[in-house]
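Asks: Mind looking over this structure? Questions follow.
Numbering (the UniProt record's numbering), first residue to last: 1 to 100.
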């Protein structure tokens, strides 16, 4: 299960204010949780990922068409448990029986 939201968004590309915002959020997360894993090296500002208490926090900075910072929080264990419950419920349900 995941939640993804844009912390902020500006209609202009490559604004210095949005880059400062990204750097501030990145510094806060790094101070709290240590150095992140870089998810890519082929971008000017590569996405970053932190593992925290069984969850994953990702940052993505966009600045080509507009400028925005997306923050994502994912819980893989919760997602796996939900998927298992759905699979169990669909397996345990009685098939529709034809009337006699």
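Glycine is no exception: its CB is placed at the ideal position from the N, C-alpha and C atoms.
1. Please report the distance separating the alpha-carbon of residue 24 from that of residue 53.
2. Taking just the CA atoms, how far does residue 17 sit from residue 56?
3. So residue 58 is in the beta strand (DSSP E); what residue range does that whole segment cover?
4. Once DSSP output is grouped into helix, strand and coil, what is the label at residue 7?
5. Which class does residue 37 belong to by DSSP, given the choice of helix, strand or coil?
Replies: From the atom records:
1. Numbered from 1 along the chain shown, position 24 holds the residue referred to as residue 24. Numbered from 1 along the chain shown, position 53 holds the residue referred to as residue 53. A direct Cα-to-Cα measurement between residue 24 and residue 53 gives close to 22 Å.
2. In the chain shown, counting from the first residue as 1, residue 56 sits at position 56. In the chain shown, counting from the first residue as 1, residue 17 sits at position 17. When rounded, the distance between both Cα atoms is 26 Å.
3. In the chain shown, counting from the first residue as 1, residue 58 sits at position 58. 55-62 is the extent of the beta strand (DSSP E) around residue 58.
4. Position 7 of the chain shown, counted from the start, is the residue given in the question as residue 7. Looking at residue 7 - three-state DSSP - the assignment turns out to be strand.
5. Working through the chain shown from its first residue, we reach residue 37 at position 37. Three-state DSSP puts residue 37 in a strand.
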